[in-house]
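Heads up, the thing below is written out as structure tokens.
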Amino acid sequence: MKTRLMLVAALVLLLIAGQSLAQEQYIPTGVSPSINVAQMGMGGLTTMISTNARTVFNNPGLLNRQKFALEFTPVAIGIGSDATNILKFVNDNVDTFAGMDSIAALAAGGDAAATETMNKFYEDSQEFDNKWIGLNVAPYLGLAVKGFGFGVYGNIVTDIKLDNGVFVPAIGARGYMDVVFGIGHGRVIEIGGRDWELGAAVRIVNRRYVSPIRVNASDVANTGDLASTVMDELNEDITGFGIDVGMIRTVQWKDNDIDVGVSIQDLVGVMDGWIKPNLKFGAMYHMPFANNALLKRWDLGIEYVDFFNRAGKSYFTHINMGTELSVLAGFLKLRGGFHQGYPTYGMGLSLGFAKLDFAYFTKEQGTAPGMTPYGLYMAQFSLGW
């Protein structure tokens, strides 16, 4: 039965391999991060974000200021901004995909109608040629209290792309899945006559992935064949771990309190070999007048991530900044920021123990801003306090 080519490919990969933040270096260095849609709306901040049930994965030093937080997120999904367009293109060209081999053979033999069909197909598909489009899913379960936190999440990444090829178009597919468990502890320690808020966490990860594969477009209409092909390419699982440390402190600047922090992810880390540490540092400012029913809280943050440049990217792709306004007694949260130089937007609704979060987030696939931006529409449903 004929079906939507790209949707079938994405769903099959999603079931057996993973979830996605479509990127050229699609398998991340070290453990892939916990995807929180609220933080993505704030520019992707992780170093000095407000404490929540994911604190153990953000900066274990923040556990010293942690209030009780419980989170169960069964649904956190993201769809590439180009996904709608490419699915429409595939749906409009189902017959062409299914009969591609015979059409290409006729065109090679000089058939005018087949040649016209092939030319039109290539012209219309140029917008999508060799461009990865992803689908994201990220369940989460975690608990945090003052000084202690733990959590477990899945980070499933599936990417597909259309490859026009020389004679017959094909579908590219890739994906990975990280299942991560983490536990952390925070403690205030006196050093040099001053109190320092320190924390440490251990993360264990199990990863499986599918290296990029290429399947002829005419074969993808058969779901069974596609699933079999991907399963044949599924690599053996890899188990690794990472040890994180973090520190936070409140400093005075022009009579204002500013929270500053440093976090080193994978201070010691192994994932199919030793992992280079990810040094992050950042600051968060809480507007002092935001403490009323109308404006409950207003935070402004900035951070620099991957100081040792594990991904080999330019300076500007390491900077994130963002803000969150909590209004109407915390019922509504408005968010915005910049991630790697690209604007992000988000909002959240708090309905007692149920929360809805939405965000538009852009990630740079290349090595410098403006090379290959990739946009994602994100949505998350969570239960907890």
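In my numbering, the protein residues as written are -18 to 366.
Glycine included, C-beta positions come from ideal geometry on N, C-alpha and C.
Small disclaimer: the values here were computed from a predicted structure and weren't measured.
Helix, strand or coil at residue 4 according to DSSP, with G and I counted as helix:
A caution first: residue 4 carries a pLDDT of 37, below 50, which makes its placement in the model unreliable, though a value can still be read off. DSSP places residue 4 in coil when its eight states are reduced to three.
Where residue 235 falls, given that 16 or more other Cβ within 10 Å makes a residue buried:
exposed
N-terminal and C-terminal residue of the alpha helix (DSSP H) that residue 221 is part of
It is not in any alpha helix (DSSP H) - residue 221 instead sits in the beta strand (DSSP E) that spans 219 to 234.
Assign residue 2 to one of two classes, buried (16 or more other C-beta atoms within 10 Å of its C-beta) or exposed (fewer than that).
With a pLDDT of only 35 at residue 2, under 50, the local geometry of the prediction cannot be trusted, and the value read off the model is given with reservation. The residue is buried, with at least 16 neighbouring Cβ atoms inside 10 Å.
From which residue to which residue does the beta strand (DSSP E) around residue 353 run?
From DSSP, residue 353 is part of no beta strand (DSSP E); its letter is neither H nor E.
Could you please give me the residues that DSSP links to residue 268 through a beta bridge?
BP columns for residue 268 are empty, so no partner.
Whole-number beta carbon distance between residue 11 and residue 250, since they are thought to touch under 8 Å
5 Å
Cα-Cα separation between residue 26 and residue 82, rounded to whole angstroms
48 Å
Would residue 70 and residue 106 be called neighbours here (beta carbons separated by less than 8 Å)?
yes
On the premise that residue 265 lies in contact with residue 240, defined as a C-beta separation below 8 Å, what is that separation, rounded to the nearest angstrom?
5 Å
Between the C-alpha atoms of residue 101 and residue 336, what's the straight-line distance to the nearest angstrom?
46 Å
Own chain partners of residue 190 with C-beta closer than 6 Å, once the 5 adjacent residues on each side are dropped
8, 157 and 216
Spatial distance of residue 218 from residue 136 (CA atoms)
14 Å
What runs of the alpha helix (DSSP H), each 4 residues or longer, lie entirely inside the segment 64 to 140?
64 to 73, 75 to 79, 81 to 89 and 93 to 106
Check residue 348 in the structure and name its three-state DSSP category.
coil
Please return the same chain residues whose Cβ sits closer than 7 Å to the Cβ of residue 299, not counting the five positions on each side in sequence.
285, 286 and 287
Would you mind working out which of 230, 263 and 267 sits nearest residue 237, comparing C-alpha positions?
267
When the Cβ atoms of the segment 112 to 131 are set against those of the segment 80 to 94, are three or more pairs found closer than 8 Å?
no
Sort 338, 357 and 331 by Cα distance to residue 366 and report the nearest one.
331
So, helix, strand or coil for residue 282, using DSSP?
strand
Simplified DSSP state of residue 45, which is helix, strand or coil:
helix
Less than 8 Å between the beta carbons of residue 280 and residue 18, yes or no?
no
Whole angstroms are fine: how far does the CA of residue 66 sit from the CA of residue 128?
47 Å
Hey, residue 47 and residue 32 are a contact pair by Cβ (cut 8 Å); roughly how many whole angstroms apart?
5 Å
If you follow the beta strand (DSSP E) that residue 249 is in, where does it begin and where does it stop?
237 to 251
Report all residues from its chain with a CB closer than 7 Å to the CB of residue 358; omit the five preceding and five following residues, and keep chain order.
59, 60, 62 and 341
Where does residue 37 fall in DSSP's three states?
helix
Considering just the uninterrupted stretch of the beta strand (DSSP E) at residue 153, what are its terminal residues?
151 to 172
CA-to-CA distance, residue 193 to residue 86, given in whole angstroms
27 Å
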